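*Asks:* In our numbering, the protein residues as written are 236 to 386. All C-beta atoms, glycine included, are put in the ideal place defined by N, C-alpha and C. Fair warning: this is a prediction, and the values are worked out from it, not measured in the lab. Dropping the structure in here first, questions after.
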């Protein structure tokens, strides 16, 4: 039986460890930016924390909570909504056919407006989509956040 022995200096060992940790961190960040990271949303605090991470300050409790059914096959309206959600890193196709909870929060910091609401879709305890919108006559619907596009 042959044994191979490798001797490295403390400096080289620390450098190797630093490179290894950097690579692990880079893999984690890439997974997060790629949407592989799932946002927990089963608890009110988690939903509010998520909205804060998107830059939105909301009331401490939802103004509306209801169960909704995501259709198996998307109509054109749902296809448009799915495209809006893709800009925020969500893929509604992944929850097609599922029952989800919709939580509606009043947004307190949208350009001085008091008629803007954040809608969150939570499926299987994870935030799976949503939007910011207003029902005003000149209303709008926009993604919760805009992720940088990949080249």
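Taking the DSSP output, what are the residues bridged to residue 318?
*Replies:* Along the chain shown, one-based indexing puts residue 318 at 83. In the DSSP assignment, residue 318 forms no beta bridge with any residue.
*Asks:* Pull up the distance between the alpha-carbon of residue 315 and that of residue 331, whole angstroms please.
*Replies:* Start at 1 with the first residue of the chain shown, and residue 315 comes out as number 80. Start at 1 with the first residue of the chain shown, and residue 331 comes out as number 96. Those two C-alpha atoms are separated by around 14 angstroms.
*Asks:* Taking residue 372 as the reference, which of 244, 351, 310 and 311 has the closest Cα?
*Replies:* What you label residue 372 is simply residue 137 of the chain shown in a count that begins at 1. Residue 372 has its Cα closest to that of 351, out of 244, 351, 310 and 311.
*Asks:* What residue range is occupied by the uninterrupted alpha helix (DSSP H) comprising residue 283?
*Replies:* As a first step, residue 283 is located in the chain shown; it is residue number 48 there, counting from the start. Residue 283 -> alpha helix (DSSP H) spans 279-288.
*Asks:* Distance check for residue 347 and residue 303, CA to CA, integer angstroms please.
*Replies:* Counting from 1 along the chain shown, the entry for residue 303 is found at position 68. Counting from 1 along the chain shown, the entry for residue 347 is found at position 112. Roughly 30 angstroms separates the two Cα atoms.
*Asks:* Hey, how far is the Cα of residue 246 from the Cα of residue 238?
*Replies:* Indexing the chain shown from 1 puts residue 246 at position 11. Indexing the chain shown from 1 puts residue 238 at position 3. So the two alpha carbons sit approximately 24 angstroms from each other.
*Asks:* Between residue 374 and residue 325, how many whole angstroms is the CB-CB distance? I'm expecting something under 8 angstroms.
*Replies:* By 1-based counting over the chain shown, the position of residue 374 is 139. By 1-based counting over the chain shown, the position of residue 325 is 90. Rounded, the Cβ-Cβ distance is 21 angstroms, inconsistent with contact.
*Asks:* With the cut-off set at 8 angstroms, would you say residue 282 and residue 338 are in Cβ contact?
*Replies:* For the purposes of this step, residue 282 is taken as the residue at position 47 of the chain shown. For the purposes of this step, residue 338 is taken as the residue at position 103 of the chain shown. Result yes, Cβ atoms of residue 282 and residue 338 sit closer than 8 angstroms.
*Asks:* Can you check DSSP and say which residues form a bridge with residue 299?
*Replies:* Reading the chain shown from its first residue, position 64 is the one you call residue 299. Paired residues: 339.
*Asks:* Using a Cβ-Cβ cut-off of 6 angstroms (strictly less than) and excluding sequence neighbours within five positions of residue 296, which residues of its own chain qualify?
*Replies:* Numbered from 1 along the chain shown, position 61 holds the residue referred to as residue 296. So no residue of the chain qualifies.
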